[in-house]
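Contents: one structure, followed by commentary.
2 protein chains.
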Amino acid sequence: MNLKELSKHLGISQTTISRALNGYPEVSEATRARVIAAANEHGYSPNTRAQGLATGLSRCIGHVISVGDSGEMVNPIFGDFMAGAGETYAAHGYDMMVTRVGQRDEADIYRRLKARGAVDGLVMHAPRFNDTRLPLLTELGLPFVVHGRSSGANTSYSYLDVNNRSAFHEVTRHLTSLGHRRIALINGQEQLDFAIRRRQGYEQGMEEADLPVDAALMTQGEMTEDYGYQNATVMLDLPDPPSAFLVSSIICAAGVRRALDDRNLRPGEDVSIATFDDCLSYFRNSAARPVFTAMQSSVRAAGAALAQMLIDRINDPTAPHTQTLWEAEFVAGASTGPNKD
Amino acid sequence: MNLKELSKHLGISQTTISRALNGYPEVSEATRARVIAAANEHGYSPNTRAQGLATGLSRCIGHVISVGDSGEMVNPIFGDFMAGAGETYAAHGYDMMVTRVGQRDEADIYRRLKARGAVDGLVMHAPRFNDTRLPLLTELGLPFVVHGRSSGANTSYSYLDVNNRSAFHEVTRHLTSLGHRRIALINGQEQLDFAIRRRQGYEQGMEEADLPVDAALMTQGEMTEDYGYQNATVMLDLPDPPSAFLVSSIICAAGVRRALDDRNLRPGEDVSIATFDDCLSYFRNSAARPVFTAMQSSVRAAGAALAQMLIDRINDPTAPHTQTLWEAEFVAGASTGPNKD
DNA sequence: ACAGCTTGCCAAAGCGCTTTGGAATAGCGG
DNA sequence: CCGCTATTCCAAAGCGCTTTGGCAAGCTGT
Chain A
1 MNLKELSKHL GISQTTISRA LNGYPEVSEA TRARVIAAAN EHGYSPNTRA
51 QGLATGLSRC IGHVISVGDS GEMVNPIFGD FMAGAGETYA AHGYDMMVTR
101 VGQRDEADIY RRLKARGAVD GLVMHAPRFN DTRLPLLTEL GLPFVVHGRS
151 SGANTSYSYL DVNNRSAFHE VTRHLTSLGH RRIALINGQE QLDFAIRRRQ
201 GYEQGMEEAD LPVDAALMTQ GEMTEDYGYQ NATVMLDLPD PPSAFLVSSI
251 ICAAGVRRAL DDRNLRPGED VSIATFDDCL SYFRNSAARP VFTAMQSSVR
301 AAGAALAQML IDRINDPTAP HTQTLWEAEF VAGASTGPNK D
Chain B
342 MNLKELSKHL GISQTTISRA LNGYPEVSEA TRARVIAAAN EHGYSPNTRA
392 QGLATGLSRC IGHVISVGDS GEMVNPIFGD FMAGAGETYA AHGYDMMVTR
442 VGQRDEADIY RRLKARGAVD GLVMHAPRFN DTRLPLLTEL GLPFVVHGRS
492 SGANTSYSYL DVNNRSAFHE VTRHLTSLGH RRIALINGQE QLDFAIRRRQ
542 GYEQGMEEAD LPVDAALMTQ GEMTEDYGYQ NATVMLDLPD PPSAFLVSSI
592 ICAAGVRRAL DDRNLRPGED VSIATFDDCL SYFRNSAARP VFTAMQSSVR
642 AAGAALAQML IDRINDPTAP HTQTLWEAEF VAGASTGPNK D
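So the sequence lines, in the order shown, correspond to chains A and B. Letter 130 of the first sequence, counting from 1, is numbered 130 in our numbering, and no numbers are missing. Letter 67 of the second sequence, counting from 1, is numbered 408 in our numbering, and no numbers are missing.
Encoded structure:
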């Protein structure tokens, strides 16, 4: 059933039907009701492509996920983010398109997305240090928002980020105040901006406690469970092992925990673990006494908020950029305790 | 830059440009080369919507994710599936659309997706017992493939599934052969078809070993880490606790493991854990000696294969349905051992 | 040299919608 | 009862592409 057929069926012009359905005022309420009823009855929904062609809009938001050494799409964080964003899109009648791309073809994909008119705007994920996508997207003139920030970028853009530096500063302080002196940092890939900031917060906290930053106690990598396990294992076998771990993701932290278990070390008693917690649906850390001491910030909420930011931007592309910084919340859990050395 | 402009610029008709770009034979190779060069130079890509309108195709695949009590999109399995599917789509020039929907509005969303012509086909996730979406999609005439199966459905459809029943049968046999008699089943939601089949496999294995099926040792629910932890905790506190756990997801299994740790029970020695393993990128279980004894099957590979099945179906909707059943592979890990009772 | 092909190109129609610019009807005061 | 403004509707153009049907050269074989 298309517009022409519906028009013939009702004996009303296509124009009027279109207007009735799109809420224009120049159609009587009686006619509008009749049109809507008929549309429902016949299951008529305007053809997306025709509508898009006529309006010049796609009503679709793009998410470009770079894979390669980092497999962002397979990161559980992505699912929670999309769940949040999807909710907002659905509420505003937007579709959500996900594109997978190798890092080499990134620029090409963005250009084509624009040239093809496939999306009205997009969300940029996992910004890197001095990310080249920022000037590219600005040049393309496609509305976009960034989940995170990119240090070194000199263009202005809209973003929502967690204050990673202050979060890691705060949690490092928590550990030093418990008497820990050897604190390991199990970080995300430091080509990614958030990981750089987290490291800075950690280093700041160590410095403030007059503690040295030991390269042997710092790693960066993709935040899988096994990555946490492997690195914690190596560090625990050092002649001078850490008494506390600061971890960038709860999934990693599970791996660190496993490394402790292997050695019969009890988290929070023998060795402490603190982590960043994105409040992943499948890894809740919110019991009366949370398993992990953590800095929490919901990535799902971030998804919802960023989607809204983007829609606002699409509706008014000339509005000043929005820059939002969320503070992560400290949550005391069972995985940290005083240093016993 | 659109077709008309490019045509004017080159002094060649729109027809010829379109044909040159789409690989039609009735254009000389010299002209084709000239057109392609100009298209690249000016960053011309045909407008998706116009192309779609003209061809009647969207070159887009839909994934409808039902949320509600079960939050499938936030399930890390989803990310791995999409990564696999996305690879195939990209290779064939398809876009990937993800739609989030509450279970109540499901039928409506599918109908609208069809009516709007938004997608050329779709992947159905998480089929339930006697799933009503099956007759709906068949009636709509939208090409689709199913990740899993739906018992009780009497229409024919294309699917790819893991043989969940045989997998759980086999792993149950493994546990009984190790002398376990009290084996707990930490299952997924049994409204979902795969969970039903897994239970059947488990029950079959128990029966074959002349072991009773104890309702107190069976749970179903969304397979979060905490769900595994909570239920294992309860069961371990029973007067007659299980000596082995059979778990439906490696994330759950991590929770079960945590419950053991809490009680200073060593997995594989004091209590055994076996699990289904979807080979999630962020939860590798593939060391020289895997952490968990498991039935493995890559959900990412399933995504890639299903995407291909769907594209084949779109290209020839009248072809007979494809029904593929993968056998999960048994992997001996460190988490199972003889019953010591 | 000419009919009969093939080759290489093009003009125009059409995909299903929105929107512009009118036109017809109704309502109103004078 | 007439002219004027609202109200309600419509025909047709246009969005950017693909595709149909056809035309003009350039070959071939006789």
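Glycine included, every Cβ here is placed at the ideal spot set by N, Cα and C.
1) Are the CB atoms of B:R490 and B:G542 nearer to each other than 8 Å?
2) Does any C-beta atom of chain A lie closer than 8 Å to the C-beta of B:E610?
3) Do B:F633 and B:S590 have their CB atoms nearer than 8 Å?
4) Could you tell me which uninterrupted beta strand (DSSP E) segments, each at least 3 residues in length, are contained entirely in the segment 97-180 of chain A, listed from first to last along the chain?
5) My understanding is that A:L192 touches A:R128, with C-beta atoms under 8 Å, so please give their C-beta distance in whole angstroms.
6) Strictly below 7 Å CB to CB, what residues from chain B border A:T48?
7) Taking 8 Å as the CB-CB limit, is B:D619 close to chain A?
8) Judging by CA-CA distance, which residue of A:M309, A:V331, A:I314, A:S272 is the nearest neighbour of A:A287?
9) Decide if A:L325 is buried, meaning its Cβ has at least 16 other Cβ atoms within 10 Å, or exposed.
10) Using the Cα positions of B:K455 and A:G93, report the straight-line distance between them to the nearest angstrom.
11) Quick check on DSSP: helix, strand or coil for B:G353?
12) Tell me where the alpha helix (DSSP H) around B:H404 begins and ends.
13) For B:N416, go through chain A and note every residue whose CB falls closer than 9 Å to its CB, in chain order.
14) Looking at B:H466: is its Cβ nearer than 8 Å to the Cβ of B:A643?
15) Within 8 Å (strictly less), CB to CB, does A:D341 reach chain B?
16) For the segment 98-113 of chain A, enumerate the residues whose C-beta is nearer than 8 Å to any C-beta of chain B, in chain order.
17) Unbroken alpha helix (DSSP H) runs of length 4 or more, entirely within the segment 230-316 of chain A: which are they?
18) Just by C-beta distance, which residues in the segment 222-240 of chain A are closer than 7 Å to chain B?
19) What is the rounded straight-line gap between the Cα of A:T342 and the Cα of A:D120?
20) On the premise that B:S399 lies in contact with A:R49, defined as a C-beta separation below 8 Å, what is that separation, rounded to the nearest angstrom?
21) Does the distance from the CB of B:L651 to the CB of B:V464 come in under 8 Å?
22) Touching or not, the segment 367-384 of chain B and the segment 425-433 of chain B, by the rule of three or more beta carbon pairs under 8 Å?
23) Taking 8 Å as the limit between beta carbons, can you name the residues of its chain near B:T659, skipping five residues before and five after?
24) So, do the segment 209-226 of chain A and the segment 151-162 of chain A have three or more beta carbon pairs nearer to each other than 8 Å?
25) Which chain A residues are close to B:S399, counting only those with a beta carbon under 7 Å from its beta carbon?
26) Does DSSP put A:L211 in a helix, in a strand, or in coil?
27) Secondary structure at A:E203, three-state DSSP: helix, strand or coil?
28) Does A:G86 come within less than 8 Å of chain B when only Cβ atoms are used?
29) Taking C-beta to C-beta, are B:V439 and A:V98 nearer than 8 Å?
30) In the DSSP output, which residue or residues are listed as bridge partners for B:E670?
31) DSSP on B:A379, reduced to helix/strand/coil?
32) Starting from the beta carbon of A:L53, find every residue of chain B whose beta carbon is closer than 7 Å, and list them in chain order.
33) In the DSSP assignment, find the alpha helix (DSSP H) that holds A:Q51 and state where it starts and stops.
34) Pair every Cβ in the segment 182-199 of chain A with every Cβ in the segment 358-366 of chain B, then say whether three or more of these pairs are closer than 8 Å.
35) Which residues in the same chain have their Cβ closer than 6 Å to the Cβ of A:T399, if we skip the five residues on either side of it in sequence?
36) On the criterion of 16 or more Cβ atoms from any shown chain inside 10 Å, does A:A294 qualify as buried, or is it exposed?
With the structure as the only source:
1) Result no, Cβ atoms of B:R490 and B:G542 do not sit closer than 8 Å.
2) Judged by the 8 Å Cβ criterion, B:E610 is not in contact with chain A.
3) Against a cut-off of 8 Å, the Cβ pair of B:S590 and B:F633 comes out as no contact.
4) With a minimum length of 3 residues, the unbroken runs of beta strand (DSSP E) contained wholly in the segment 97-180 of chain A fall at 121-124, 144-147, 158-162.
5) The beta carbons of A:L192 and A:R128 sit about 6 Å from each other, so the pair counts as a contact at 8 Å.
6) Result: R457, G458, A459.
7) Using beta-carbon distances, B:D619 does not count as an interface residue toward chain A, since no partner is under 8 Å.
8) From the listed residues A:M309, A:V331, A:I314, A:S272, the smallest Cα separation to A:A287 is found for A:V331.
9) Label assigned to A:L325: exposed.
10) Cα-Cα distance, rounded: 16 Å.
11) At residue 353 of chain B the sequence reads Ile, which differs from the Gly that was named. If DSSP states are grouped into helix, strand and coil, B:I353 belongs with coil.
12) Here B:H404 belongs to no alpha helix (DSSP H); instead the beta strand (DSSP E) covers 401-408.
13) Going along chain A in sequence order, the residues near B:N416 (Cβ under 9 Å) are P76, G79, S281, Y282.
14) No.
15) Closer than 8 Å: no.
16) Within the segment 98-113 of chain A, the qualifying residues are V98, T99, R100, V101, R111, R112.
17) Counting only runs of at least 4 residues, the segment 230-316 of chain A fully encloses the following alpha helix (DSSP H) elements, listed from N- to C-terminal order: 250-262, 299-315.
18) Under the 7 Å Cβ criterion, the segment 222-240 of chain A contributes T224, E225, D226.
19) Only positions 1 to 341 of chain A appear in the structure, and residue 342 of chain A is not among them; the question remains open.
20) Confirmed, about 7 Å.
21) Yes, the Cβ-Cβ distance between B:L651 and B:V464 is below 8 Å.
22) Look at the beta carbons and you see the segment 367-384 of chain B not touching the segment 425-433 of chain B: under three pairs across the two are nearer than 8 Å.
23) Closer than 8 Å at the Cβ level, and outside the excluded window around B:T659, lies no residue.
24) Judged by Cβ distances under 8 Å, the segment 209-226 of chain A makes no contact with the segment 151-162 of chain A, as fewer than three pairs qualify.
25) Those within 7 Å of B:S399 in chain A are R49.
26) Secondary structure at A:L211: coil, using DSSP grouped into helix, strand and coil.
27) Note: A:E203 maps to helix in three-state DSSP.
28) Interface with chain B (8 Å Cβ-Cβ cutoff): A:G86 is included.
29) Cβ atoms of B:V439 and A:V98: closer than 8 Å.
30) According to DSSP, residue pairing for B:E670 in a beta bridge involves B:Q637.
31) Helix at B:A379.
32) For A:L53, the neighbours in chain B by C-beta distance under 7 Å run, in chain order, R390, A391, L394.
33) Note, A:Q51: alpha helix (DSSP H), 48-55.
34) By the C-beta criterion, the segment 182-199 of chain A is judged not to be in contact with the segment 358-366 of chain B, since fewer than 3 inter-stretch pairs fall below 8 Å.
35) Nothing about residue 399 of chain A can be reported from this structure: the residues present for chain A run from 1 to 341 only.
36) That one is buried.
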